[in-house]
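What follows is one structure encoded as structure tokens, with my remarks underneath.
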Amino acid sequence: MAAFVKTQMLHSLQSPCTAPRIANNAFCRGSPVLKPKSTSYYSTPSVHQPHRQHRNTLKISAVASAQPSTVKIITQGRHVEVTPALKKYVEDKLSKVVVKYEAAIKEVDVRLSASGGDASKGPKKQKTEITIYTLRNGIVRAEDVEESMYASIDLVSDKVARKLRKMKEKAISRGRWAGPGGPRGGETIGQSLPSEAEDLVDKLPTDQEAAAFPEVVRTKTFVLEPMSLEDALEQVEQVGHPFFVFRDKSSKQVRVLYKRKTRGYGVIVPQLDD
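All you need for the numbering used here is the position in the sequence shown, starting with 1, plus 308.
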């Protein structure tokens with residue numbers, strides 16, 4: 309009797325139809341069972357792997373962000389030979405900086421110059437000046453002097469990157485940024501006019517030495533668009549000049565904003581005799 313009970317228990321464990329949770333499945337009812345297409349030991353069903361798809365997306369994004377900038381970069385030299393290798397280094401370095409802001413940039417002007425060393429008195433100095441003309445946020449300017457021209461280019465590029473980031477943050481806070489991250493429904497870049505500050509930048513001569521005596525070498529005429537004192541302060545900081553001429557937005561009068569030797573800025577208000 310004990311042997312009979314043990315045999316029945318073993319039979320119950322081996323039979324899949326005796327388990328309560330699968331007693332009603334198709335196999336126990338006698339229904340046909342679909343077989344897999346391949347009986348290979350190594351064949352596995354297709355499984356969705358979102359982490360692999362995410363990796364592919366990251367790769368595509370990385371390639372897209374590595375595209376060169378379409379901003380026009382003009383490189384000129386004074387007492388410096390702008391070799392193809394040096395020109396390419398400048399363009400590659402600045403393209404990575406301005407690619408995030410290219411929708412708001414009209415042109416980039418780069419001036420390379422050298423002084424001192426064996427040819428003249430004083431220590432050898434390599435200077436890089438960068439002037440960026442934006443479409444609606446004035447001018448961004450920076451310069452740096454180092455013993456190596458490549459080091460000067462690297463450091464001034466970092467300065468420009470910080471100024472561009474600061475310019476964008478201010479423009480977005482004021483609703484004046486028409487590029488990515490700006491307000492919806494605002495004025496587009498194509499509808500904006502270049503700032504009047506573009507005409508205030510006096511480009512350095514590249515083919516002549518400084519005059520022995522003071523003389524007027526250039527005269528510029530431009531239209532002063534009205535702006536607030538806050539905008540004028542922002543412009544003089546971006547340009548890096550010691551003064552800035554503008555027309556006050558409220559009074560419509562000409563103002564001269566200048567940097568004081570001690571600290572802060574001063575404003576000159578010209579008055580005409582009637």
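Even glycine gets a Cβ: it sits at the ideal position worked out from N, Cα and C.
With a threshold of 7 Å on Cβ separation, who are the neighbours of residue i within its own chain once the five nearest residues in sequence on each side are excluded?
i, result
"T378", "E410"
"R571", "none"
Measure from the alpha carbon of residue i to the alpha carbon of each residue in the options, then state which is nearest.
i, options, result
"V464", "E477, M457 and A450", "A450"
"K433", "M475, H387 and E399", "H387"
"H549", "S403, L532 and A540", "A540"
"I413", "K395, K380 and E389", "K380"
"V590", "E437, E389 and A422", "Nothing can be reported for residue 590: it is not among the residues displayed for the chain, which extend from 309 to 582."
"L420", "K404, V405 and E399", "E399"
"R444", "V562, E542 and G574", "E542"
"L402", "G430, I461, E389 and S559", "I461"
"V406", "V468, E538, S423 and A459", "V468"
Distance, Cα to Cα, residue i vs residue j?
i, j, result
"K474", "K408", "13 Å"
"K435", "D452", "6 Å"
"V564", "K478", "23 Å"
"V416", "D581", "42 Å"
"D466", "E455", "17 Å"
"A374", "K404", "Any reading at A374 is ruled out, since the residue's pLDDT is 45, under 50, leaving its predicted position unreliable."
"R482", "V418", "29 Å"
"E545", "K528", "21 Å"
"Q561", "Y573", "18 Å"
"K569", "I576", "15 Å"
"L472", "I447", "10 Å"
"P578", "S536", "17 Å"
"Y397", "I440", "18 Å"
"V531", "G425", "42 Å"
"V553", "S559", "15 Å"
"A459", "L394", "12 Å"
"A422", "K476", "32 Å"
"I382", "V390", "11 Å"
"E538", "R526", "29 Å"
"D515", "I480", "Note that D515 has pLDDT 39, beneath the 50 cutoff, so the model's placement of it is unreliable and no number is given."
"M457", "P392", "14 Å"
"V524", "R470", "35 Å"
Give the DSSP bridge partners of residue i, in chain order.
i, result
"V416", "I381 and I440"
"Y397", "The partner list for Y397 (beta bridge, DSSP) is empty, contrary to what the question assumes."
"F530", "F530 is not bridged to any residue."
"G446", "None; G446 has no bridge partner."
"L402", "DSSP output for L402 lists no bridge partner at all."
"I576", "V564"
"E451", "E437"
"A422", "Q434"
"V553", "V564"
"R386", "S421"
"M535", "D556"
Tell me whether residue i counts as near the ligand SAH, meaning its Cβ is closer than 6 Å to at least one heavy atom of that ligand.
i, result
"H387", "Among the ligands in the structure shown, none appear at all, so the ligand SAH cannot be discussed."
Leaving out five residues before and five after residue i in sequence, what residues of the same chain have Cβ atoms less than 6 Å from its Cβ?
i, result
"P534", "R555 and K557"
"G385", "L420"
"T308", "This structure does not reach residue 308, given that the chain is present from 309 up to 582, and the question cannot be answered."
"P431", "G424"
Looking only at its chain, what residues have a beta carbon closer than 8 Å to the beta carbon of residue i, apart from the 5 residues adjacent to it on each side?
i, result
"F551", "V544, V564, L565, Y566 and K567"
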